[in-house]
Amino acid sequence: MEKEKVFDVPIHYLMAVCGGFLGAYALLSRMDIFGSAQTANLIELVCDILGRDLSQAAIRLGALLIYGGSMVLSAVLAKKTSLNLKYLTIVLDACVVIAIGFFPVHMDPLIALYPVFFVTAFQWCVFKGAKGYVSSTIFSTNNMKQTVLSVTEYLLCDASETEQKQQHARKAAFFGGTILSFHTGVALEYLAWKTSGMHSIWFCILPLSASLGLLLLQEESLKNLLGIRKAGQLS
6 MEKEKVFDVP IHYLMAVCGG FLGAYALLSR MDIFGSAQTA NLIELVCDIL
56 GRDLSQAAIR LGALLIYGGS MVLSAVLAKK TSLNLKYLTI VLDACVVIAI
106 GFFPVHMDPL IALYPVFFVT AFQWCVFKGA KGYVSSTIFS TNNMKQTVLS
156 VTEYLLCDAS ETEQKQQHAR KAAFFGGTIL SFHTGVALEY LAWKTSGMHS
206 IWFCILPLSA SLGLLLLQEE SLKNLLGIRK AGQLS
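Sequential numbering from 6 applies to the sequence shown in our numbering.
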């Protein structure tokens, strides 16, 4: 692994922990609604339209537009600005984590999750993976698929296919680690929710802070490395 990317995997895993926190919070605190994806919301949207529950359909449409709009915003910022979107993602996550902990218990669950829809979509677009692997930090379906397929392909390799087996093992370890990290966040949120209720999401600040710290260390490491290379070229 290149020195300047030495913290990519730990940062990826920490953001997966954050994804687990947000996903579990939504399910535990807001009537089993998963605020990190749109599949269930789109199904319910179609059902609400056909069932003529237009007010609920409008709320679900709002969630869809916020989720999609967040993706558009991430693409525009990546294309049109020089901002480090990883820092911005952590700041946005932290602001939302703090804010939703104050939301009333009896607030409409979908509207209460609007900020979660926004930041999870943004995080999905910015923290795309590590080590050359594309991996989500906000849900587990593709990570599970890649883990299962990699383990299967590893077991199917002949004894002579050493390099291929190592590649499949590394891939399985990476995606399996992402799943473990995500569900560590789920477990921590559940334990916090049992004692702190709606305020439990505030504990997500801890992995967010750790992610920020590693990003800063990685940036400093990169600056030092570039300085050494520049000095070597001048000498």
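Glycine is no exception: its CB is placed at the ideal position from the N, C-alpha and C atoms.
Note down, in chain order, each residue of its chain lying with its Cβ closer than 7 Å to the Cβ of V139, except the 5 sequence neighbours on either side.
K133
Taking Cβ to Cβ, would you say S242 is nearer than 7 Å to E194?
No answer is possible for residue 242: the residues shown for the chain start at 6 and end at 240.
Would F107 be called buried (16 or more neighbouring beta carbons within 10 Å of its own) or exposed?
exposed
For Y159, list the residues DSSP reports as bridge partners.
Its beta-bridge partners do not exist; DSSP assigns none.
Residue span of the alpha helix (DSSP H) that contains K85, given as start and end
59-85
Measure the Cβ-Cβ separation of V121 and G40 and say whether it is below 7 Å.
yes
Quick one: Cα of K150 to Cα of M112, how far?
36 Å
Classification of T152 by the beta-carbon crowding that lies within 10 angstroms, buried from 16 upward:
buried
Nearest to F208 (by Cα), restricted to the options G24, D13, K10, H17
G24
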